[in-house]
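In this note's numbering, the protein residues as written are -4 to 302.
Glycine included, every Cβ here is placed at the ideal spot set by N, Cα and C.
This report concerns only the one structure given below.
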C-alpha cells in the first residue's frame, strides 16, 4: 500500500519510447537533408555547431514523418528494410513518432523561440498536406493537378521551407524571394521524382516494392494523368478502389494498371515535367547565384537527380 502513496518519482527512462525512432533514423538514405542544409549554408555561413543542431532536428522530424506515413500508407518496406511499424507494431511506432516530434520541438525551444514557431507552422502545413492525400485515397477522389501541387507544397515543400527558415532565423537574416521560390520548386521536384521512380525505377522498386504507390491507393501524378486521359479509367478504379474489399492488389493487377499508364503516355508526361522542372531549378539557381554567389553543392544536388 505504501507504494501507492509515495510522491511522484519522475518519468521512466526514454529508452522504450526512443527505440522505434532510433531504428527509423538508422535506415540508410536519409542524408539528403544534411546535404541540403549544408548547401543552403554556403550562402548563410552559419557555424558548424548550428548545422549540427539542425541536423538533429531534421533527423527527428523526418524519421517521425516517415514512420507515420508508412503506417497510413500500409508500407512494408522503407529503403529496402522493414518499415518501423512492421518491427515494432503500429501503436509503439506512432507513440515513438510523436515523441520524435516532441524532441524536435524541445530542441527548437532551446533557442529564443523563433525556431519553435517555424517548426509548428511547418508541421501544420505538412499535416494538412498529408490530410489531403489520405482524404483523396479514402474517398477514391482523383485530385486535379492544381490540388496535387497544393498538397505537395504542404506535405513535402513544408520541410524544404522549414530548413531555409530555420537557417534564416539562426543567421538573423532574410533570404531573397528568388531563393524561397527555388526551395518551393525543389519540394515539387522531389515529390514528382519519387512518384515517377516508384513506377519505373528498378532500384527504387527493390527498396519499396513493385509499384507500391498503386498498392497504397495513392493518387500520384502519373495516376492522376492516367485517370484523366485513359479509356481504361473505370477498370482502374474498379481494381484500385471498388473491388478490393481489403485485399491487396496483386502484381498482375499492378502490371495491368502500369500498362494502361504507359498507353496513356502518363509516364512520359511526368518524365517531361521532371525534365522541365530540373531546367527551371537550374535557371532559378543561376538567378540566385548572381545575387548570393556560386553554390556548387546545390547545383550538384540538382544535377544528380536529373532525368
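What would DSSP say about residue i, mapped onto helix, strand or coil?
| i | result |
| --- | --- |
| residue 242 | coil |
| residue 6 | coil |
| residue 82 | helix |
| residue 114 | helix |
| residue 156 | helix |
| residue 33 | helix |
| residue 40 | coil |
| residue 77 | strand |
| residue 342 | Residue numbering for the chain in the displayed model covers -4 to 302; residue 342 lies beyond these limits and cannot be assessed. |
| residue 286 | helix |
| residue 124 | helix |
| residue 98 | helix |
| residue 135 | coil |
| residue 270 | helix |
| residue 88 | helix |
| residue 202 | helix |
| residue 281 | helix |
| residue 302 | coil |
| residue 109 | helix |
| residue 129 | helix |
| residue 249 | helix |
| residue 168 | coil |
| residue 265 | helix |
| residue 1 | coil |
Kindly list the residues whose CB is nearer than 7 angstroms to the CB of residue i, restricted to its own chain and excluding five residues on each side of it in sequence; keep chain order.
| i | result |
| --- | --- |
| residue 113 | 157, 160, 161, 164 |
| residue 20 | 54, 58 |
| residue 284 | 290 |
| residue 207 | 70, 193 |
| residue 123 | 149 |
| residue 11 | none |
| residue 246 | 205 |
For residue i versus residue j, is the C-beta distance shorter than 7 angstroms?
| i | j | result |
| --- | --- | --- |
| residue 63 | residue 92 | yes |
| residue 58 | residue 84 | no |
| residue 194 | residue 217 | yes |
| residue 52 | residue 102 | yes |
| residue 212 | residue 294 | no |
| residue 290 | residue 97 | no |
| residue 300 | residue 188 | yes |
| residue 31 | residue 138 | no |
| residue 198 | residue 72 | no |
| residue 287 | residue 166 | no |
| residue 79 | residue 88 | yes |
| residue 259 | residue 302 | no |
| residue 178 | residue 205 | no |
| residue 43 | residue 292 | no |
| residue 74 | residue 6 | no |
| residue 150 | residue 121 | yes |
| residue 261 | residue 220 | yes |
Let's see if you can read the secondary structure: which residues bound the alpha helix (DSSP H) around residue i?
| i | result |
| --- | --- |
| residue 45 | 43 to 68 |
| residue 185 | 172 to 195 |
| residue 295 | 291 to 299 |
| residue 230 | 228 to 232 |
| residue 148 | 140 to 150 |
| residue 259 | Premise fails: residue 259 is in no alpha helix (DSSP H) and is neither H nor E. |
| residue 219 | 216 to 224 |
| residue 71 | Residue 71 -> no alpha helix (DSSP H), and no H or E assigned at all. |
| residue 208 | 207 to 211 |
Closer than 6 angstroms by C-beta to residue i: which residues in its own chain qualify, once you throw out the five before and the five after it? Chain order, please.
| i | result |
| --- | --- |
| residue 254 | none |
| residue 29 | 50 |
| residue 236 | 135 |
| residue 117 | 153, 157 |
| residue 56 | 99 |
| residue 225 | 255, 259 |
| residue 39 | 162, 166 |
Can you find the residues in the same chain that come closer than 8 angstroms, C-beta to C-beta, to residue i, ignoring five residues on each side of it along the sequence?
| i | result |
| --- | --- |
| residue 69 | 210, 211 |
| residue 232 | 135, 222 |
| residue 67 | 125, 129 |
| residue 173 | 279, 282, 283, 286 |
| residue 180 | 272, 275, 276, 279 |
For a cutoff of 7 angstroms on Cβ pairs, would you count residue i as touching chain D?
| i | result |
| --- | --- |
| residue 277 | Here there is only one protein chain, and chain D is not present. |
Exercise. Should the region 175 to 190 be called in touch with the region 273 to 284, which here means at least 3 C-beta pairs below 8 angstroms?
Worked result: yes
Exercise. Is it true that the region 6 to 17 meets the region 69 to 87, where meeting means three or more beta-carbon pairs spaced less than 8 angstroms apart?
Worked result: yes
Exercise. Okay, do the region 102 to 111 and the region 141 to 151 touch, 3+ Cβ pairs below 8 angstroms being the bar?
Worked result: Between the region 102 to 111 and the region 141 to 151, the count of Cβ pairs shorter than 8 angstroms is below three; the stretches do not touch.
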